[in-house]
Amino acid sequence: MRLLLIRHGETVDNVAGIFAGVRDSALTTHGVLQAGRLGGHLAARFPSSVRAVFTSDLQRAARTAAAGVACRSSRVHVDDVAETASSMRARARRFLDEMLLPLLRLRRSRAEDDVVVVVAHGLFLPKLYGCLLERVPWQSLTLDPELLMSYPGAPPPLQPWWSNTAYLECTVMPDATTGGRALRMHVLRVNCTTHLKYLTRTRGGIGSAPHDARQRTIDSYFGKRM
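The numbering of the sequence shown is my numbering, which starts it at 32 and goes up by one.
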């Protein structure tokens with residue numbers, strides 16, 4: 032299984048420097064553009080191999096998933112209360128045990144052929160990744176040479192940071208030496224934002240404003256050129 036852990040697009044609270052938590056902060060206009068870039072990038076890389084998408088039910092993650100991946104999506108409920116770090120870890124472990132790992136066992140024969148996407152939040156993703164690493168013995172964790180080259184003089188962070196619409200990409204499969212009880216993981220990309228290259232924020236405060244879904248694009252005025 033190829034797993035993509037993706038953070039949602041930029042939100043109004045991100046711009047204001049507020050930790051959104053369970054606040055249902057809207058995507059900015061720039062955040063919607065980020066999600067669109069992500070969608071084009073993933074469609075080019077994985078044109079027909081995304082098999083499952085899991086997303087938080089808060090709108091910033093759900094809308095990023097809708098723009099980023101055109102396939103079926105399962106919402107992961109987020110309780111509307113403040114969470115402690117331990118409660119987030121417990122929720123991450125439940126998600127692994129009840130949803131992600133059963134999917135891995137179901138499709139283990141196809142290894143990397145299936146892509147599974149998780150779109151969530153900057154506070155939750157490190158907890159989820161950390162809980163996943165708990166299932167991976169150190170000798171079964173490998174880092175891609177290209178990833179190592181992108182961190183000259185220092186190892187890639189094992190608890191990475193996610194920028195808006197950035198993703199961590201890894202392959203995960205049952206470790207045959209343990210009878211499938213543990214996992215093997217190969218990390219390919221950390222905080223990948225190549226899809227955002229040359230994307231600039233719209234000036235005049237428009238880029239940082241909440242996105243208005245009713246707003247028409249320039250294509251809607253002039254039509255798409257053939």
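Positions of the beta carbon are idealized from the N, C-alpha and C atoms, including for glycine. None of the values given here were measured: they were computed from a predicted structure.
Thinking just about the alpha-carbon of each residue, which of A116, G70, V46, L178 is nearest to the one in P241?
-> Of the listed residues, the one whose Cα sits closest to P241 is V46.
Any idea which residues DSSP pairs E200 with across the strands?
-> By DSSP's assignment, E200 forms a beta bridge with L35, R220.
At what residue ranges does the region 107-180 contain a whole run of the beta strand (DSSP E), taking only runs of 3 or more?
-> Counting only unbroken stretches of 3 or more residues, the beta strand (DSSP E) elements lying wholly within the region 107-180 are 146-151, 172-174, in sequence order.
Own chain partners of V203 with C-beta closer than 6 Å, once the 5 adjacent residues on each side are dropped = Closer than 6 Å at the Cβ level, and outside the excluded window around V203, lie M32, L34, L214, M216.
Within the same chain, show all residues whose beta-carbon is closer than 7 Å to that of W192, passing over the 5 residues directly before and after it, in chain order.
-> Within the same chain, W192 has close Cβ partners N222.
Ends of the alpha helix (DSSP H) at T86?
-> That residue, T86, is in no alpha helix (DSSP H); its beta strand (DSSP E) goes 81-87.
Since P205 sits in a beta bridge, which residues does DSSP pair it with?
-> L214, per the DSSP bridge assignment.
Among the residues of its own chain, which have a CB less than 7 Å from the CB of D175, if the five just before and after it don't count?
-> Here the set comprises H217, V218, L219.
Assign T42 to one of three DSSP states: helix, strand, or coil.
-> The answer is strand: DSSP assigns T42 an E or B state.
Nearest-angstrom beta carbon gap, D144 and S80 [assumed within contact, 8 Å] | Their Cβ separation, rounded to whole angstroms, is 6 Å, which keeps S80 and D144 in contact under 8 Å.
Exposed or buried, what is G238 when buried is set at 16 or more other beta-carbons lying within 10 Å of its beta-carbon?
-> G238 comes out buried.
Which value, in whole angstroms, describes the spacing of the CA atoms of L58 and V149?
-> One C-alpha to the other measures close to 18 Å.
Can you round the beta-carbon distance between A98 and A66 to whole angstroms, since I take them to be within the 8 Å contact cut?
-> By a beta-carbon distance limit of 8 Å, A98 contacts A66. Their separation comes to about 4 Å.
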